[in-house]
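The working numbering applies: residue 1 is where the sequence shown begins, and numbers increase by one.
Cβ atoms here follow ideal geometry from the backbone N, Cα and C, with glycine treated the same way.
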Amino acid sequence: MKVSGRLAVDTNAVIAYREGISEVCTLIDEADVIILPVTVLGELLYGALNSAKTEKNEQVIQKFAAYSLVMQVDEAVATRYAKVRFNLKKNGTPIPENDIWVAAACLELEVPLLSRDGHFKYVEGLDLCNW
1 MKVSGRLAVD
11 TNAVIAYREG
21 ISEVCTLIDE
31 ADVIILPVTV
41 LGELLYGALN
51 SAKTEKNEQV
61 IQKFAAYSLV
71 MQVDEAVATR
81 YAKVRFNLKK
91 NGTPIPENDI
101 WVAAACLELE
111 VPLLSRDGHF
121 KYVEGLDLCN
131 W
């Protein structure tokens with residue numbers, strides 16, 4: 001699968017990239033712009049704080065973030081979040097709260113999301129890349 005242009009990354013994609021999973025590394029390295037939703041950044045930083053190598057892991061995350069466009073939550077993303085969450089509830093297909101924010105950011109930017117989380121398939125209109 002070839003991805004060109006912009007690509008958003010979920011937490012599991014960043015971890016797979018750090019672990020050197022070749023398909024993920026190729027997808028991320030070939031993208032023109034990596035978009036890191038601020039929610040994903042928060043999850044990664046939490047993971048670093050919760051690890052035995054906090055300082056080292058924080059440095060790795062900050063380096064990745066420096067080469068990415070960190071997508072902030074703004075009013076447009078919040079509005080999109082509300083619609084996504086409402087549709088998921090209406091359809092009886094809830095997903096984790098943070099992932100609704102990630103999906104909302106991707107939908108607002110019209111950018112594909114690289115993730116292994118299968119529940120993203122329930123988000124209408126989300127362009128999902130899996131490995």
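Item: Leu7, enclosing beta strand (DSSP E) - first and last residue; Value: Arg6 to Val9
Item: Own chain, CB closer than 7 angstroms to Leu126, minus 5 neighbours either side, in chain order; Value: Ala103, Cys106, Leu107, Leu113 and Phe120
Item: Buried versus exposed call for Pro96 [16 or more other C-beta atoms within 10 Å across all chains shown]; Value: exposed
Item: Whole runs of the beta strand (DSSP E) within the stretch 66-125, excluding any shorter than 3 residues; Value: 69-71
Item: Closest residue to Gly5 among Glu110, Lys56, Leu41 and Asp117 (Cα-Cα distance); Value: Glu110
Item: Residue burial classification, Asp74 (beta-carbon count within 10 angstroms, cutoff 16); Value: exposed
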